[in-house]
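Asker: Using the numbering used here, you'd call the opening residue of the sequence shown number 9 and step up by one each time. We put the beta carbon where it would ideally sit given N, CA and C, even for glycine.
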Amino acid sequence: TDENIRVYVRVRPREKNEERAIFEIEENRTVRFSAKARLLSFSFDQVLGESATQQQTFELVASGLVETCMEGYNGSICVYGQTGAGKTFTMFGPTEHRLLAGSTYGW
């Protein structure tokens, strides 16, 4: 893979009303699930499971990028997903930790 572009997937924790996962993670790089009697498999640089913490996610995905930005290089993180999938949670953490971000982004 190209070292400048990496693709990570973070699986959000299930809600209390969600029964079970409809997928499985293999070797922290592949997500497999069944859809309409077909087995689908997608591979990424890293897959973070439901138990991944904010700290683990930051260290894996962003800490190196932050360091290079502090050295004067450009960098960006693109977050994509369905509404309610956990994008804001992944970028900013739980609601109680958004005070600083809220002052910047008007939340």
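Nearest-angstrom Cα distance between GLU27 and PRO21?
Answerer: Counting from 1 along the sequence shown, the entry for residue 27 is found at position 19. Counting from 1 along the sequence shown, the entry for residue 21 is found at position 13. For GLU27 and PRO21, the distance between alpha carbons rounds to 12 Å.
Asker: Could you tell me which residues DSSP pairs with GLN54 in its beta bridges?
Answerer: Translated into positions along the sequence shown, residue 54 becomes position 46. According to DSSP, which records beta bridges pairwise, GLN54 is partnered with TYR16.
Asker: Please go through the same chain and pick out, in chain order, the residues whose beta-carbon is closer than 6 Å to the beta-carbon of GLY94, but skip the five residues on each side of it.
Answerer: As a working mapping, residue 94 is identified with position 86 in the sequence shown. So the qualifying residues of the chain are ARG20.
Asker: According to the Cβ coordinates, are GLY83 and LEU73 closer than 9 Å?
Answerer: What you label residue 83 is simply residue 75 of the sequence shown in a count that begins at 1. What you label residue 73 is simply residue 65 of the sequence shown in a count that begins at 1. It is a contact, given that the beta carbons lie within the stated cut-off.
Asker: Could you say which of THR61, GLN54 and GLU34 lies nearest to LEU48 if we only look at CA atoms?
Answerer: The count along the sequence shown starts at 1 and reaches residue 48 at position 40. Among THR61, GLN54 and GLU34, the Cα nearest to that of LEU48 is on GLU34.
Asker: For the alpha helix (DSSP H) containing GLU75, list its first residue and its last residue.
Answerer: Start at 1 with the first residue of the sequence shown, and residue 75 comes out as number 67. 71 to 78 is the extent of the alpha helix (DSSP H) around GLU75.
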